[in-house]
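>
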Amino acid sequence: MTVDAERAAAAEAAVNEVRAGMLVGLGTGRTAAFAVRALAQRVKEGLRATCVATSTATERLGVSLGLRVIPFEAVSRVDLTIDGADEIDPRFCAIKGGGGALLREKVVAAASDRVLIVVDANKVVERLGSFPLPVEVLPFAEAWVMRALTELGAAPTRRVVEAGTPFRTDQQNFVVDAAFGFIDDAADLAARLASIPGIVEHGLFVGEIDEVFVGREDGVERRTKMR
Ligand code: 5RP
38 MTVDAERAAA AEAAVNEVRA GMLVGLGTGR TAAFAVRALA QRVKEGLRAT CVATSTATER
98 LGVSLGLRVI PFEAVSRVDL TIDGADEIDP RFCAIKGGGG ALLREKVVAA ASDRVLIVVD
158 ANKVVERLGS FPLPVEVLPF AEAWVMRALT ELGAAPTRRV VEAGTPFRTD QQNFVVDAAF
218 GFIDDAADLA ARLASIPGIV EHGLFVGEID EVFVGREDGV ERRTKMR
């Protein structure tokens with residue numbers, strides 16, 4: 038199986054959880070895009086669903102495929118969100134934001150009754166931290182946030198689209214990728230990051246995720262968090 042086939046299989050399995058009339062949160066990234074395509078296929082076959090998107094890129098994709106995507110501004114609750122991740126550990130903690138959509142992804146996840154994560158097998162780790170943690174930063178505060186991240190033990194770098202041109206989020210903020218090495222206590226780090234003024238949001242997900250669908254060589258493994 039190719040990595041794309043693993044992504045597609047995980048995405049299709051998660052999309053099978055969508056029921057008629059649901060409001061569905063659409064994630065961002067390559068794996069989430071497979072879920073958008075799979076949902077659009079089910080809608081073509083007659084499923085009724087309305088969507089909200091975690092990025093302008095996903096909104097464009099969904100609309101282009103015929104999905105009904107409404108503005109999140111008007112929504113206070115989402116039935117089910119399907120999103121990707123950069124790393125996920127056995128406690129359902131994750132690093133997200135490789136695609137730069139972490140702020141909207143976290144807001145939509147917080148508003149969702151259920152959050153399903155879809156990943157290929159390479160994303161499953163014992164300990165988070167090989168993937169540098171994406172942090173969305175107010176441009177005004179970048180230098181100070183870099184210092185604060187360094188004092189927390191990270192090696193931060195500004196994300197760029199090319200040399201000299203910073204990556205901008207949908208909110209026009211910067212992203213700093215903060216290499217912490219292995220993260221022993223994700224909840225503690227999340228709290229410390231949340232207390233730094235100028236950090237708009239960070240990509241550590243510590244309590245939002247309910248289920249993980251892992252695309253593997255031999256099929257899809259489904260993991261459900263015990264409550
Ligand atoms: C975007 C994300 C993505 O879900 C994450 O980066 C995984 O993307 P991909 O499926 O392309 O590897 O958090 O902000």
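Counted from 1, the sequence shown has number 246 at position 209 by our numbering; the numbering is strictly sequential. Glycine included, C-beta positions come from ideal geometry on N, C-alpha and C.
1. For P169 and K143, what's the separation of their Cα atoms in angstroms?
2. Kindly confirm or deny that the stretch 117-127 and the stretch 144-152 touch, where touching means at least three C-beta pairs closer than 8 Å.
3. Alpha carbon to alpha carbon, how far is G235 from R164? Give it in angstroms, no decimals.
4. Pick from V155, F109 and E82: whose alpha carbon is nearest that of E258?
5. Does the Cβ-Cβ distance between A122 and K81 come in under 8 Å?
6. Considering only heavy atoms of the ligand 5RP, list every residue whose Cβ is less than 6 Å from one of them, following chain order.
7. Have a look at the DSSP bridge pairing and note the partners of R56.
8. For R56 and A86, what's the separation of their Cα atoms in angstroms?
9. For the alpha helix (DSSP H) containing T261, list its first residue and its last residue.
10. List the endpoints of the continuous alpha helix (DSSP H) containing D225.
11. By the three-class DSSP mapping on this structure, what secondary structure does L153 have?
12. If we ignore side chains and look at the alpha-carbon of each, how far apart do E124 and A131 end up?
13. Given G190, which residues of its chain have a CB within under 7 Å of its CB, disregarding the five upstream and five downstream residues?
14. Measuring CA to CA, which of G83, A90 and L60 is closest to A69?
15. Under three-state DSSP, which class holds R141?
16. Hey, does W181 have any beta-carbon neighbour from chain D nearer than 8 Å?
17. Are the stretch 232-251 and the stretch 176-184 touching, with three or more C-beta to C-beta distances below 8 Å?
18. According to DSSP, simplified to helix, strand and coil, what is L175?
19. Going by the DSSP bridge assignment, what does D126 pair with across the sheet?
20. So, under 8 Å CB-CB, G240 and G103 are touching, yes? Tell me the CB distance rounded to an integer number of Å.
21. Can you give the Cα-Cα distance for V212 and E173, rounded to whole angstroms?
Straight from the coordinates:
1. Computed Cα separation, rounded: 17 Å.
2. Result yes; three or more Cβ-Cβ pairs closer than 8 Å.
3. Approximately 27 Å between the Cα atoms of the pair.
4. Checked all of V155, F109 and E82; the closest Cα to E258 is V155.
5. Cβ distance not < 8 Å, so A122 and K81 don't count as in contact.
6. Residues with a Cβ closer than 6 Å to any heavy atom of the ligand 5RP, in chain order: G64, T65, G66, R67, T68, A69, D120, G121, A122, D123, K133, G134, G135, G136, G137, A138, L139 and E142.
7. Looking at the DSSP output, R56 bridges to nothing.
8. Whole-angstrom Cα-Cα distance: 8 Å.
9. No alpha helix (DSSP H) contains T261, which is instead part of the beta strand (DSSP E) from G256 to T261.
10. Annotation: the continuous alpha helix (DSSP H) that includes D225 extends over A223 to A231.
11. Of the three classes helix, strand and coil, the one that applies to L153 here is strand, per DSSP.
12. For E124 and A131, the gap between their C-alpha atoms comes out near 5 Å.
13. Sequence-distant partners of G190 (beyond 5 residues in either direction) whose C-beta falls short of 7 Å from its own C-beta, in its chain, are F217.
14. The candidate whose alpha carbon is nearest that of A69 is A90.
15. In the structure shown, R141 sits in a helix (DSSP, three-state: H, G or I).
16. Any reference to chain D falls outside this structure, which holds one protein chain only.
17. Using a Cβ-Cβ distance cut-off of 8 Å, the stretch 232-251 and the stretch 176-184 are in contact, since at least three pairs of beta carbons, one from each stretch, lie closer than that value.
18. L175 falls in the coil class under three-state DSSP.
19. D126 is not bridged to any residue.
20. That pair is no contact at about 30 Å.
21. V212 and E173: Cα-Cα distance of roughly 5 Å.
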